[in-house]
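Quick note, in full-length UniProt numbering, the sequence shown goes up one by one and the last residue is 79. Each residue gets a CB set at the ideal place from its N, CA and C atoms; glycine is no exception. First up is the structure itself, then whatever we jot down about it.
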Amino acid sequence: MELQLINSGITDELMLRKIGAKEAWLRLRKINKALTVNILYSLQGAIEGVHAATLPTQQRQELEKWATEQMRESESYSG
1 MELQLINSGI TDELMLRKIG AKEAWLRLRK INKALTVNIL YSLQGAIEGV
51 HAATLPTQQR QELEKWATEQ MRESESYSG
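Here you go:
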């Protein structure tokens, strides 16, 4: 994962915090379409300094909804 973050231009924790989990996930998805929402949870957890499994249910649901919308949009653009 660290190498994928670097390859997508996210070189350190400060940059991850600055751009946020959603933007980081979008950048990662550009180089790896197989990424799931679980990676988004992990990125958000890393920013907050907690394990992804401890993110509040409401926050996880919001992230899942957002990621689903992003994946749907991506599929519609790719034909």
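Nonlocal neighbours in the same chain, by C-beta distance under 8 Å from L26, ignoring five residues either side:
Here residue 26 refers to the residue found at position 26 when the sequence shown is read from its first residue. Answer for L26: Q70, listed in chain order.
Assuming L40 contacts A21 under a Cβ cut-off of 8 Å, what Cβ separation, rounded to an integer in Å, is found between them?
Residue 40 sits at position 40 when you count from the first residue of the sequence shown. Residue 21 sits at position 21 when you count from the first residue of the sequence shown. L40 to A21, Cβ: 6 Å. Contact.
Same chain, Cβ closer than 7 Å to N66, five either side skipped, listed in chain order:
Mapped onto the sequence shown, residue 66 falls at position 66. It should be pointed out that residue 66 corresponds to Trp in this sequence rather than to Asn. So the qualifying residues of the chain are K22.
Using the beta-carbon count (16 or more within 10 Å), is R60 buried or exposed?
What you label residue 60 is simply residue 60 of the sequence shown in a count that begins at 1. R60 counts as buried, since no fewer than 16 other beta carbons sit within 10 angstroms of its beta carbon.
Shortest alpha-carbon distance to T68 belongs to which of L28, Q58, V37, V50?
The sequence position of residue 68 within the sequence shown is 68, counting from 1. Ranking the options by Cα distance to T68, first place goes to V37.
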